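In this note's numbering, the protein residues as written are 11 to 271. Just so it is clear, CB atoms sit at the ideal spot from N, CA and C, and this is done for glycine as well. Every value quoted in this text rests on a predicted model; they were computed, and no experiment measured them.
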C-alpha cells in the first residue's frame, strides 16, 4: 500500500528516543522529510546520523525545550528553513513523574501542565498556518490512561485526558480545513519509560523486576509488550493519504489490555 508520504514534511517531537524516534524512523523510511526535536543535542545528532542511512526522507534536528514557547517558535522556523511548509505534526513528550496525589506540590502540577498539555496547545497553534493552506494531519500521543487510570500516575492520568478534550474539540474546528487530528494512546510499549515505571513498581513492592514484567505481560491478551516499531507503523498510517476520514478519535495501541468499551 502506497502511503503517499514521499516529500511531505513532518515535525516529530520528543524524537531522540522511544516512541518519537520510532515514528520518525518509520516516516523517513516512507520518504517523509522529518524534523526531530528534543532537549538533548547529542542524542538528536546521533539519531539524525542513524536515520540518514535509510536514504529516503531527509532528516534535520533542532534542540527544543517544549516547555518554552520561544523554543517552539524557533523549531517551527528551523523546520521551514530546512523543508518548507509542515504537513504533519506529531505531538509527543516524556511522561511526568510517577507518584500519588499527596506527593506533588503546586510546582509539580504546573510543570506537568506545561510539558504534557500546554506544549501540545502551543505547537498546534504554531503549525496551523501551514496546515490550513492545504490540509494536514495532527497526532497527539497520550497514554492508555485516557481510558483506564494507571495507579501511581496521577499527573499523567489528569493531563492526558486534557489531550483528548483538545483533540476532540479541534476535530470539529479544523475539519473544514481538511485537517485531521487524532489521539493515539500507547499501552505497555517496550520503551525506556515503561522500563523505568516497572523498576519503580518493583522497588515499591519489594519484588524483582522480572516478576513485575511477567505479571504485566500476563494481563495483556497478546501476552507481551508492544514494540515501538508496531506503534510507529500505525501512526504512519494515520498521517498518510490512506487515512481520509478518521479524525477526532482516541485510538488504543495496547494489545487489548484495556478492558473499557
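Asked                                                                                                                : Found
Terminal residues of the beta strand (DSSP E) in which residue 91 lies                                               : Premise fails: residue 91 lies in the alpha helix (DSSP H), 79–93, not in any beta strand (DSSP E).
Beta strand (DSSP E) segment containing residue 19, residue limits                                                   : 19–23
7 Å Cβ shell around residue 41 - same chain, five flanking residues per side excluded                                : 15, 16, 17, 66 and 67
Whether residue 13 touches residue 244 by CB criterion (8 Å)                                                         : no
Own chain partners of residue 201 with C-beta closer than 8 Å, once the 5 adjacent residues on each side are dropped : 27, 28, 29 and 238
Short Cβ contact (8 Å threshold) for residue 76 with residue 69                                                      : no
Cutoff 6 Å; reference residue 71; Cβ partners in own chain excluding five residues on either side                    : 46, 54 and 58
Pairwise C-alpha distance: residue 167 and residue 87                                                                : 33 Å
Reduced DSSP category for residue 231 - H, G, I as helix; E, B as strand; rest coil                                  : coil
Member of 78, 209 and 188 whose CA lies at the smallest distance from the CA of residue 141                          : 188
Option in 196, 130, 208 and 108 with minimal Cα separation from residue 261                                          : 196
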